[in-house]
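Going by full-length UniProt numbering, the sequence shown opens with residue 1, and the numbers climb by one from there. Report on one structure; see the data block that follows.
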Amino acid sequence: MHTHFYTAFIFIGGKPYDGMSGEEVYSFVASGLRMRRKSAFTSELYKLMLQCWHEEASERPKFGSIASWMENPSSH
Numbered sequence: 001m002h003t004h005f006y007t008a009f010i011f012i013g014g015k016p017y018d019g020m021s022g023e024e025v026y027s028f029v030a031s032g033l034r035m036r037r038k039s040a041f042t043s044e045l046y047k048l049m050l051q052c053w054h055e056e057a058s059e060r061p062k063f064g065s066i067a068s069w070m071e072n073p074s075s076h
């Protein structure tokens, strides 16, 4: 994995759900809402994030496919 990718993801993405308590975040996500896409992220990365939040765990991407995507995001 690329350390720079993770560092950029954390610093560019900022604190998700900033200003919300844990309970508020839970309610937000449980009601089907998701964070908006940050302009610094590609639509492909945002789609991956949304897949990771799929309500059905069996529909979420497996770690191996996420790792593969992160190794070569331009191929997806």
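For glycine and all other residues, C-beta sits at the position ideal for the given N, C-alpha and C. Owing to the predicted nature of the structure, the values given are computational and were not obtained by experimental measurement.
Is the beta carbon of residue i sitting closer than 8 Å to the one on residue j?
i, j, result
"R34", "W53", "yes"
"P73", "E55", "no"
Quick one: what's got a C-beta closer than 7 Å to residue i's C-beta in the same chain, skipping five residues either side?
i, result
"P16", "M35"
"Q51", "R60 and P61"
Helix, strand or coil: which one does DSSP assign to residue i?
i, result
"S21", "coil"
"E44", "helix"
"M35", "coil"
"E59", "helix"
"W53", "coil"
Taking residue i as the reference, which of the options has the closest Cα?
i, options, result
"Y46", "W69, G64, G22 and G19", "W69"
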